[in-house]
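Participant: Structure in structure tokens, see below.
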Amino acid sequence: MSEWLDRNQKPVLYIIILLFLGLVSLYIYQVRPLQTEKATQQRELQLIHTEISNYEAQISQLRPQTLTLQDQKRLLNSVPSQPNVEQLVADLERTELETGVFIRNISTAISPNESGESLWSHIFSEDMLEILGPRVKDVDMLTVSYIELRVDVTGEEKDVHMFVEKIENLPRIIHLQDYTYDISVGENSVKTFNGTVTIRAFYSEDFAEYIETLNEFELDYTFDKEKLDQYIKQAEGNSDEIGETNGNTPNSPSESNESSTDVVTDNESVEKNHNNTIVGGTTGGSTSNGQAGGTTGGTSGGSTGNAVTKPGNVTLSPIYPKESYDKELGVSSIELYYLPSGYDKTVKEGDSVFYLVQTGAYNTDVYFSKQLLSLIDAGMFPRTVVRKYDPALSSLVINTGIAHTRESATAIGDFLYKIDREFNSWVEAVPFRLPTDEQKLLPEAIEAITYISDVAVKGITTNDYKLAEEQLLLIRSKVEAYEAEAKEVINNTKNADRKVQIQDTIIFLQLALQTLEKFEQTNEVQLLWQTQGAMLDFAYSLNGFVRFETK
């Protein structure tokens with residue numbers, strides 16, 4: 001063996017050297033890079049773990065800014081993000097039916113955007129605060145608003161007490177502020193229990209930030225559509241009496257054992273809080289039966305057809321209104337319109353607006369019909385709007401006047417309140433929404449509304465107001481200017497239904513002019529309420545509101 005090693009010493013040495021060099025090369029080019037890569041990845045992994053720890057620490061300090069759908073529903077049921085006066089009134093009316101009491105009157109007032117600090121603990125229950133606490137940042141900093149309602153009820157003692165108990169247990173958080181009652185003895189020693197309940201219902205506009213979707217309020221009972229024909233027929237039956245009303249104070253409303261539900265609100269607050277939910281607008285069209293303030297028969301603007309169109313199947317008249325008509329016809333005593341689908345009622349910067357006097361918003365046909373008929377009996381020419389294009393008539397609005405400024409509209413509302421405390425009104429700004437090819441009508445339409453409504457408002461609210469002949473000539477020129485533009489639009493538009501509506505606006509504007517001409521001759525203030533009705537019809541038709549037609 002040693003001899004072999006001696007003979008092969010060099011080859012063996014070379015083999016050992018080569019093997020060593022191979023191992024060194026393997027380490028340098030294979031093992032060492034892997035070790036370096038492993039160390040690098042370990043450092044990167046450590047950095048990732050460090051970042052994860054940092055993110056976890058930051059996340060643990062964050063509070064989620066949204067609520068679960070279940071929490072949203074519970075929150076909105078307790079304290080909604082809008083006043084929802086109508087829903088609250090509907091709850092009271094439903095409780096009225098459940099307990100058998102009679103609500104004589106409901107008046108409301110809105111107090112918006114008060115500091116919520118130290119209030120939420122008194123409004124929410126502890127479990128609700130626990131839900132909000134980790135999800136809503138700085139709960140105490142959210143503003144809180146409330147609606148205060150004064151409800152006058154009559155009934156048996158146990159029923160009135162039950163009524164109060166039930167409204168305290170409504171899903172919406174209600175705080176009982178005051179509860180007084182007295183017992184009166186009438187004929188045959190019959191005792192009547194009269195109670196007055198003052199409550200507060202809360203809401204917070206700040207909640208909108210934490211609510212992804214707000215569901216629109218809908219009735220939980222069916223509106224009786226047949227009663228729509230009843231109040232229209234009853235209104236037409238009273239039209240002759242309305243036409244005889246003269247002077248600066250209209251006829252007194254008919255007396256009844258029941259009174260309509262009032263909604264008394266602060267004007268500025270309503271515009272802020274309801275501008276996205278309440279759209280009064282303008283009305284167009286007329287009935288073809290008796291007309292207030294004139295002879296019966298014929299058509300006062302709108303269609304000359306006699307077909308009856310039921311709610312839910314509303315169509316525009318297929319026949320153009322007559323351009324010539326009997327000057328003694330007058331303005332229809334009542335009209336009902338549907339808010340057009342897709343109408344954007346939000347007032348945006350740069351929008352041209354007109355102002356409506358709203359004298360009631362209802363979800364039940366009983367109170368709606370009674371208020372409507374009371375206004376007609378008092379000599380007004382109200383126009384009504386269905387807020388949703390829906391045959392169920394889920395929400396009904398009554399408008400009694402139109403003006404070019406908020407101050408003028410407020411003056412009409414104040415005048416109505418002096419006539420009857422149940423005619424509480426508030427002012428709503430409504431934007432003009434015309435198609436692009438009809439924008440040329442807007443300047444003339446605004447001037448017509450401005451000059452005509454100015455005379456109507458001053459004549460109604462000012463004693464012994466005189467319309468100067470120069471003013472009448474100016475108004476006549478504005479009407480003629482609008483008519484010229486409108487006829488050009490009619491000739492150019494291809495939409496047959498829109499042709500009808502634009503033609504209607506010409507008729508309504510001419511009717512308004514005729515009422516002013518008669519007023520200039522007779523100084524009968526009642527004619528100016530017809531002017532208001534005709535101008536409401538004008539503005540509604542111009543904005544594309546769909547008229548409910550009745551025979």
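In full-length UniProt numbering, the protein residues as written are 1 to 551. For each residue, glycine too, the CB sits at the ideal point set by N, CA and C.
Alpha carbon to alpha carbon, what distance is there between Arg104 and Ser374?
Facilitator: Residue numbering aside, residue 374 sits at position 374 when the sequence shown is read from its first letter. Residue numbering aside, residue 104 sits at position 104 when the sequence shown is read from its first letter. Using only the alpha carbons, I get a separation of about 15 Å.
Participant: Could you spell out the range, first to last residue, of the beta strand (DSSP E) harbouring Arg476?
Facilitator: As a working mapping, residue 476 is identified with position 476 in the sequence shown. Premise fails: Arg476 lies in the alpha helix (DSSP H), Glu469 to Asn492, not in any beta strand (DSSP E).
Participant: Residue range of the beta strand (DSSP E) that Arg200 falls in?
Facilitator: If you number the sequence shown from 1, residue 200 lands on position 200. Residues Lys191 to Tyr203.
Participant: I need the boundaries of the beta strand (DSSP E) containing Gln177, first residue and last residue.
Facilitator: As a first step, residue 177 is located in the sequence shown; it is residue number 177 there, counting from the start. It spans Ile174 to Val185 - the beta strand (DSSP E) in which Gln177 sits, taken as one unbroken run.
Participant: Tell me, please, whether the segment 463 to 478 touches the segment 517 to 524 by the rule of three or more beta-carbon pairs shorter than 8 Å.
Facilitator: At 8 Å Cβ cutoff, the stretches touch.
Participant: To the nearest angstrom, how far is the alpha carbon of Phe381 from that of Ala361?
Facilitator: Residue mapping note: residue 381 aligns to position 381 of the sequence shown, counting from 1. Residue mapping note: residue 361 aligns to position 361 of the sequence shown, counting from 1. Phe381 and Ala361: Cα-Cα distance of roughly 16 Å.
Participant: Starting from Thr154 and walking both ways along the beta strand (DSSP E), at which residues does that stretch end?
Facilitator: The residue given as residue 154 occupies position 154 in the sequence shown. Looking at the DSSP string, the run of the beta strand (DSSP E) that includes Thr154 is Val144 to Gly155.
Participant: Short of 6 Å in beta carbon distance, which residues of its chain neighbour Leu214, apart from the five on each side in sequence? Order them along the chain.
Facilitator: The residue given as residue 214 occupies position 214 in the sequence shown. Its pLDDT being 37, under 50, Leu214 is placed unreliably by the model, and the measurement read from it follows with that caveat. Result list for Leu214: empty, nothing under 6 Å.
Participant: With DSSP collapsed to three states, give me the class of Pro431.
Facilitator: Residue mapping note: residue 431 aligns to position 431 of the sequence shown, counting from 1. It is a strand residue.
Participant: Classify Tyr338 as helix, strand or coil using the three-state DSSP reduction.
Facilitator: Looking up residue 338 in the sequence shown gives position 338. Here Tyr338 sits in strand by DSSP.
Participant: Could you say which of Leu372, Gly544 and Gly195 lies nearest to Tyr337 if we only look at CA atoms?
Facilitator: Indexing the sequence shown from 1 puts residue 337 at position 337. The shortest Cα separation from Tyr337 among Leu372, Gly544 and Gly195 belongs to Gly544.
Participant: Which two residues bound the contiguous alpha helix (DSSP H) that contains Phe519?
Facilitator: If you number the sequence shown from 1, residue 519 lands on position 519. Unbroken alpha helix (DSSP H) run through Phe519: Ala496 to Thr522.
Participant: With burial defined as no fewer than 16 other Cβ atoms inside 10 Å of the residue's Cβ, what is the status of Glu422: buried or exposed?
Facilitator: Taking the first residue of the sequence shown as position 1, residue 422 is located at position 422. Buried: at least 16 other Cβ atoms inside 10 Å.
Participant: Could you tell me the alpha carbon to alpha carbon distance between Ile376 and Lys370, rounded to whole angstroms?
Facilitator: For the purposes of this step, residue 376 is identified with residue 376 of the sequence shown, where counting begins at 1. For the purposes of this step, residue 370 is identified with residue 370 of the sequence shown, where counting begins at 1. Taking the straight line from one Cα to the other gives about 10 Å.
Participant: Taking the Cβ atom as the reference point for each residue, do Ile183 and Leu149 lie within a distance shorter than 8 Å?
Facilitator: To locate residue 183, count along the sequence shown from 1; it is residue 183. To locate residue 149, count along the sequence shown from 1; it is residue 149. Contact flag unset, no.
Participant: Taking the DSSP output, what are the residues bridged to Thr384?
Facilitator: Position 384 of the sequence shown, counted from the first residue, corresponds to residue 384. BP columns for Thr384 point to Leu336 and Ile398.
Participant: Am I right that Ser145 and Ser111 are in contact with their C-beta atoms under 8 Å? What's the rounded C-beta distance?
Facilitator: Sequence index remark: in the sequence shown, residue 145 carries index 145 (1-based). Sequence index remark: in the sequence shown, residue 111 carries index 111 (1-based). Confirmed, Cβ separation roughly 6 Å.
Participant: What three-state label does DSSP hand Ala378 in the structure shown?
Facilitator: Position 378 of the sequence shown holds residue 378. Coil, per DSSP.
Participant: Helix, strand or coil: which one does DSSP assign to Asn105?
Facilitator: For this step, residue 105 is matched to residue 105 along the sequence shown. It is a strand residue.
Participant: Work out the CA separation of Pro11 and residue 632 for me, nearest whole Å.
Facilitator: No statement about residue 632 is possible, as the shown extent of the chain runs from 1 to 551 and does not include it.
Participant: How would you label Gly379, buried or exposed, when you count the other beta carbons within 10 angstroms and need 16 or more for buried?
Facilitator: For the purposes of this step, residue 379 is taken as residue 379 along the sequence shown, with counting starting at 1. So Gly379 counts as buried.
Participant: Can you tell me which of the three DSSP states Ser111 falls into?
Facilitator: Against the sequence shown, residue 111 aligns to sequence position 111. The answer is strand: DSSP assigns Ser111 an E or B state.
Participant: With H, G and I counted as helix, E and B as strand and the rest as coil, what does DSSP make of Tyr55?
Facilitator: Indexing the sequence shown from 1 puts residue 55 at position 55. Correct three-state label for Tyr55: helix.
Participant: Around the C-beta of Gly350, are 16 or more other C-beta atoms found within 10 angstroms, so that it is buried, or is it exposed?
Facilitator: The residue given as residue 350 occupies position 350 in the sequence shown. Flag for Gly350 reads exposed.
Participant: Would you report the Cα separation of Ile16 and Ser53, rounded to the nearest angstrom?
Facilitator: Residue 16 sits at position 16 when you count from the first residue of the sequence shown. Residue 53 sits at position 53 when you count from the first residue of the sequence shown. Computed Cα separation, rounded: 52 Å.
Participant: Three-state secondary structure (DSSP) at Thr462?
Facilitator: Reading the sequence shown from its first residue, position 462 is the one you call residue 462. Here Thr462 sits in coil by DSSP.
Participant: State yes or no: is the C-beta of Ile173 within less than 8 Å of the C-beta of Phe202?
Facilitator: Taking the first residue of the sequence shown as position 1, residue 173 is located at position 173. Taking the first residue of the sequence shown as position 1, residue 202 is located at position 202. Yes. Within cutoff.
Participant: On the three-state DSSP scale, how would you describe Tyr362?
Facilitator: Walking along the sequence shown from the start, residue 362 turns up at place 362. Tyr362 falls in the strand class under three-state DSSP.
Participant: Taking the straight line between their C-alpha atoms, what separation do you get for Glu268 and Leu441?
Facilitator: To locate residue 268, count along the sequence shown from 1; it is residue 268. To locate residue 441, count along the sequence shown from 1; it is residue 441. The predicted position of Glu268 is uncertain, since its pLDDT is 32 and thus under 50; no value can be drawn from it.
Participant: Which one or two residues does DSSP pair with Phe354 in a beta bridge?
Facilitator: Position 354 of the sequence shown, counted from the first residue, corresponds to residue 354. In the DSSP output, where bridge partners are listed per residue, Phe354 has Val430.
Participant: Flag this pair as yes or no: are the beta carbons of Val357 and Val455 separated by less than 8 Å?
Facilitator: Numbered from its first residue, the sequence shown carries residue 357 at position 357. Numbered from its first residue, the sequence shown carries residue 455 at position 455. Not a contact, by the Cβ cut-off of 8 Å.
Participant: Which one or two residues does DSSP pair with Val546 in a beta bridge?
Facilitator: Position 546 of the sequence shown, counted from the first residue, corresponds to residue 546. Partner(s): Tyr338.
Participant: Can you check whether the CB of Asn363 is closer than 8 Å to the CB of Ala90?
Facilitator: Indexing the sequence shown from 1 puts residue 90 at position 90. Indexing the sequence shown from 1 puts residue 363 at position 363. Against a cut-off of 8 Å, the Cβ pair of Asn363 and Ala90 comes out as a contact.
Participant: On the CB-based measure, 16 or more other CB atoms within 10 Å of its CB, does Glu386 come out buried or exposed?
Facilitator: Numbered from 1 along the sequence shown, position 386 holds the residue referred to as residue 386. It is Val, not Glu, that sits at residue 386 in the sequence shown. Under this definition Val386 is a buried residue.
Participant: So for Val331, helix, strand or coil by DSSP?
Facilitator: Taking the first residue of the sequence shown as 1, we reach residue 331 at position 331. Strand at Val331.
Participant: Per DSSP, Ala403 forms a beta bridge with which residues?
Facilitator: Stepping through the sequence shown from its first residue, residue 403 is reached at position 403. For Ala403, which the question treats as bridged, DSSP gives the partners Tyr355.
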